[in-house]
Amino acid sequence: MAMKTSSAKFKDRVDEGIHNDFMRLAVSSAQERLHGRRLTAVDELGSWEDWRSLGEEIRQHVLSNLDFYLHQLAENVSKRGGHVFFAETAEEASGYIKDVIVKKKAKKVVKSKSMVTEEINLNATLEAVGLDVVETDLGEYILQVDDHDPPSHIVAPALHKNKEQIRDVFKEKLAYTKTENPEELTAHVRGILRKDFLSADVGITGCNFAIAETGSIGLVTNEGNADLVTALPKTQITVMGMERLVPTFDEFEVLVSLLTRSAVGQRLTSYITALTGPRDEGDVDGPEEFHLVIVDNGRSSILGTEFQSVLQCIRCAACINVCPVYRQVGGHSYGSIYPGPIGAVLSPLLGGYDDFKELPYASTLCAACTDACPVKIPLHDLLRKHREVIVEKEKMVPFSEKMAMKAFGIGAASPMLYKFGSKMAPSAMSPFKTGDIISKGPGPLKTWTESREFPAPSKESFRDWFKNRETGGKPS
Amino acid sequence: MKVTLFATCLVDLFQSNVGKATVELLERLGCEIDFPESQICCGQPAYNSGYTKESKEAMKKMIQTFEDAEYIVTPSGSCAAMFKEYPVLFKGDAEWETKAAALAAKTYELTQFIVNVLKVTDVGATFEGKATYHTSCHMTRLLKVKEAPAILLSHVKGLEMTPLPDAQNCCGFGGTFSVKMGDISGQMVEEKVCNIEDTGADFLIGGDAGCLMNIGGRIQRKGQPIKVLHIAEVLNSI
């Protein structure tokens with residue numbers, strides 16, 4: 001799956017989202033569960049603001065010295081016998097991986113969860129040459145089985161489905177015969193996946209954080225599937241976004257703690273694994289061959305811009321879990337593998353404004369995302385900055401909006417004009433009002449009044465009241 | 477104490493009652509109110525829509541308007557937060573950056589001013605009824621005013637406050653968002669209003685005219701008897 005997950009129009013995707021009651025109930029209950037758990041996990045740690053500052057500092061330090069740490073990481077991976085490939089584009093990355101696998105004459109590939117492999121459209125590239133690619137994260141597996149349904153969340157990709165829907169998918173595709181009980185559903189998949197793990201030739205993982213000093217790959221999961229993906233197949237390929245690294249294990253520890261608490265409200269996940277290169281002499285398991293693919297795909301052009309802080313992201317989805325817009329429309333409405341506030345900032349940067357220009361507007365700028373972010377990315381401000389770019393550089397806004405804002409600029413800077421306008425407002429609006437309310441608004445007010453009343457302007461403005469009062473006129 | 481009132485454009489045009497209540501309340505607390513007529517709008521609608529250049533014209537006008545003020549008080553967390561943001565916007569423009577910083581330093585949201593500057597926690601108000609409070613996003617998250625409204629309301633005689641479920645979620649106003657993404661905004665305000673209904677409160681109190689216009693509009697459309705009030709109106713009830 002590439003970045004873009006839908007060719008439907010944004011408005012149509014939203015319309016589908018807000019009319020999908022199943023999805024909305026699943027999303028709102030997940031948000032509430034995760035919100036509560038995150039707050040508990042954060043409280044428990046104590047001094048959360050200090051931890052956030054530390055997280056921000058680590059990420060900013062890495063971004064400021066990215067060339068140094070990438071070089072160090074590559075050197076250390078090579079020293080341990082691994083192969084490192086820097087891919088400038090998505091095509092280069094997935095092409096390299098395909099070539100490695102084809103050369104191995106492999107048939108089956110098992111994968112652990114990875115957003116960057118979605119971003120580079122890896123599965124489609126591998127399937128096109130006849131490879132059997134199996135997702136082993138339960139959520140990703142469900143979506144894969146369900147005819148490649150796109151993910152709707154970066155941590156819980158199948159969040160939009162409830163257990164009954166999953167049962168039905170399994171019945172149709174996997175000859176499943178039991179109930180919607182989550183343990184039964186999971187046990188069924190476990191039985192299937194065990195065989196896949198044992199028969200796979202290549203294992204592919206993402207990377208939560210690479211550790212530059214040791215050339216290690218840090219993986220965080222709750223299912224343990226990444227450990228099987230990396231322990232059993234003879235060849236391991238790890239794909240990482242070029243910014244996903246830390247200097248040493250000290251910083252790894254801090255970021256993992258921020259990640260697990262923010263993502264799922266856990267102190268730690270069930271499995272936290274650091275792998276260093278291929279199998280050493282005397283090791284009982286691990287791959288014989290190891291490849292690290294470091295993906296740029298637009299990231300380096302974000303460096304040094306006003307959007308650089310988005311590269312601090314550790315993909316925890318805390319912003320998604322608190323977003324009141326995501327809550328109403330669900331992940332698919334964003335039309336990107338990266339939904340929610342982080343997706344609305346990242347997608348136009350990595351995928352271009354043509355496909356994602358509406359996303360920065362899908363926010364009230366309420367700043368819940370900024371508040372929740374464990375590495376202090378000013379998400380709401382980056383959304384606003386996107387709007388600035390769309391207006392000033394991309395020039396993608398409707399003419400009527402541009403004219404209205406130009407008028408605002410002139411009117412709001414001129415007391416005379418404002419006064420004239422505000423005096424005219426009550427009579428200008430009077431054809432539309434009933435009593436003190438407007439139920440069918442003209443122009444841009446139409447969408448407002450579809451779901452709520454709009455107030456008619458006060459008969460006497462505040463400033464007139466104040467003036468009358470000061471000059472001894474009769475207060476109303 | 478001399479207070480210069482920034483009424484905000486929404487209050488001036490649509491909710492003059494809130495402005496009146498703010499004036500009377502502050503006067504009762506011993507303040508002398510000044511209202512410079514050249515004030516218009518903080519510029520937020522244009523700024524948040526990406527029209528930074530256009531918004532700066534409005535902002536410069538506001539900086540000039542309030543240049544001589546000692547304390548600027550506004551019955552809006554959102555507009556106060558916008559004033560506080562001015563220095564960032566004028567960064568690099570030496571003359572205006574200094575002026576913007578001066579403006580930001582003396583700007584207070586109404587309840588913040590009463591609690592932190594006037595050092596008053598009981599304004600002597602009496603208001604009979606059961607109410608719930610909408611914590612507006614910009615007031616709590618951008619301006620970081622979280623306690624002051626609750627402190628003041630807790631001292632209002634006769635007022636029973638009941639907590640609002642999912643209070644942290646935005647009501648869906650978001651300025652131009654409410655018309656640009658009217659369908660999503662409508663869903664958000666519906667959820668907010670359902671939560672308000674569930675509290676069994678007769679009154680919904682808030683500190684930002686934008687949110688109140690949004691929530692109030694939905695309550696009216698549904699024909700609910702819940703009355704929407706700005707906190708200034710409650711604190712001004714004696």
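Top line first, the protein sequences correspond to chains A and B.
Using our numbering, you'd call the opening residue of the first sequence number 1 and step up by one each time.
Using our numbering, you'd call the opening residue of the second sequence number 477 and step up by one each time.
All C-beta atoms, glycine included, are put in the ideal place defined by N, C-alpha and C.
Does any CB atom of chain A fall closer than 9 Å to the CB of residue i?
i: B/Lys478; result: no
i: B/Phe566; result: no
i: B/Gln700; result: no
i: B/Asn524; result: yes
i: B/Cys717; result: There is simply no residue 717 of chain B to check, as chain B begins at 477 and stops at 714 in what is shown.
i: B/Ile516; result: yes
i: B/Leu618; result: yes
i: B/Gly683; result: no
i: B/Arg504; result: no
i: B/Gly553; result: no
i: B/Asn645; result: yes
Determine the chain A residues that contact residue i at a beta-carbon separation under 7 Å, and present them in chain order.
i: B/Ser492; result: Ser458, Glu460, Ser461, Phe462 and Trp465
i: B/Pro521; result: Phe408
Out of curiosity, what's the CA-to-CA distance linking residue i and residue j?
i: A/Glu56; j: A/Thr179; result: 45 Å
i: A/Tyr334; j: A/Val27; result: 14 Å
i: A/Asp67; j: A/Lys357; result: 31 Å
i: A/Lys234; j: B/Thr652; result: 56 Å
i: A/Ser476; j: A/Trp465; result: Only weak support is given to the placement of A/Ser476: the predicted model assigns it a pLDDT of 44, under 50, and the value that follows is read from those uncertain coordinates. Their Cα atoms are separated by approximately 7 Å.
i: A/Leu292; j: A/Leu138; result: 24 Å
i: A/Gly82; j: A/Asp132; result: 25 Å
i: A/Lys105; j: A/Gln236; result: 14 Å
i: A/Pro457; j: A/Pro426; result: 5 Å
i: A/Gly46; j: A/Thr40; result: 10 Å
i: A/Cys316; j: A/Ile337; result: 14 Å
i: B/Ala601; j: B/Gly634; result: 9 Å
i: B/Val621; j: B/Met615; result: 6 Å
i: A/Ser301; j: A/Gln308; result: 9 Å
i: B/Ala576; j: B/Ser713; result: 35 Å
i: B/Val599; j: B/Ala685; result: 21 Å
Please list the partners that residue i has in chain B, where partner means a Cβ-to-Cβ separation under 8 Å.
i: A/Phe432; result: Simply none; closest approach about 14 Å.
i: A/Val422; result: The amino acid occupying residue 422 of chain A in the given sequence is Ser; Val does not appear at that position. Asp488 and Leu489, listed in chain order.
i: A/Ile97; result: Simply none; closest approach about 38 Å.
Does the beta carbon of residue i come closer than 9 Å to any beta carbon on chain B?
i: A/Asp15; result: yes
i: A/Asp38; result: According to the sequence provided, residue 38 of chain A is Arg. The question's Asp does not apply to it. With 9 Å as the cut-off, A/Arg38 does not count as an interface residue toward chain B.
i: A/Arg384; result: yes
i: A/Phe454; result: yes
i: A/Gly335; result: no
i: A/Ile18; result: yes
i: A/His35; result: yes
i: A/Val322; result: yes
i: A/Arg194; result: no
i: A/Ile437; result: yes
i: A/Ala425; result: yes
Determine which residues share a DSSP beta bridge with residue i and list them.
i: A/Thr221; result: A/Tyr271
i: A/Glu57; result: A/Glu57 is not bridged to any residue.
i: A/Gly203; result: A/Val110 and A/Gln236
i: A/Ile438; result: A/Lys433 and A/Phe454
i: A/Phe22; result: For A/Phe22, which the question treats as bridged, DSSP gives no partner whatsoever.
i: A/Ile294; result: A/Phe86 and A/Met240
Taking Cβ-Cβ distances shorter than 7 Å, what residues in chain B pair up with residue i?
i: A/Gln328; result: Ile660, Gln663 and Met664
i: A/Met405; result: Ala522, Ser525, Tyr527 and Glu530
i: A/Asp371; result: Arg617
Does the ligand FAD have even one heavy atom less than 8 Å from the beta-carbon of residue i?
i: A/Val189; result: With respect to small molecules bound, the structure shown includes none, and the ligand FAD cannot be examined in it.
Along chain A, in chain order, which residues have C-beta atoms closer than 9 Å to that of residue i?
i: B/Lys656; result: Tyr361, Glu401, Pro444 and Thr447
i: B/Arg694; result: Ser451, Arg452 and Glu453
i: B/Lys537; result: Ala412, Ala413, Ser414 and Pro415
Note down, in chain order, every chain B residue with its Cβ under 9 Å from the Cβ of residue i.
i: A/Tyr353; result: Here the premise fails: no neighbours, minimum Cβ distance about 12 Å.
i: A/Ala187; result: By Cβ distance, chain B contributes nothing, its closest Cβ being about 35 Å from A/Ala187, past 9 Å.
What does residue i reach in chain A if we use C-beta pairs closer than 8 Å?
i: B/Gly650; result: Ser363, Thr364, Leu365 and Cys366
i: B/Phe679; result: Result: empty, since nearest Cβ-Cβ is about 18 Å, beyond 8 Å.
i: B/Asn690; result: Arg452
**OP:** Examine the Cβ distances between the region 330 to 350 of chain A and the region 6 to 19 of chain A and report whether three or more of them are shorter than 8 Å.
**Re:** yes
Original post:
Using 8 Å as the threshold, is the region 64 to 78 of chain A in touch with the region 190 to 199 of chain A, meaning 3 or more CB pairs across them?
Top reply: no
Original post:
Should the region 436 to 454 of chain A be regarded as contacting the region 661 to 673 of chain B, the criterion being three or more beta carbon pairs within less than 8 Å?
Top reply: yes
Original post:
For the 8 Å Cβ check, are there 3 or more pairs between the region 561 to 574 of chain B and the region 504 to 517 of chain B?
Top reply: no
Subject >> Three or more C-beta pairs below 8 Å linking the region 532 to 544 of chain B and the region 497 to 506 of chain B >> reply: no
**OP:** Could you tell me whether the region 238 to 251 of chain A touches the region 108 to 116 of chain A, using the rule of 3 or more Cβ pairs below 8 Å?
**Re:** yes
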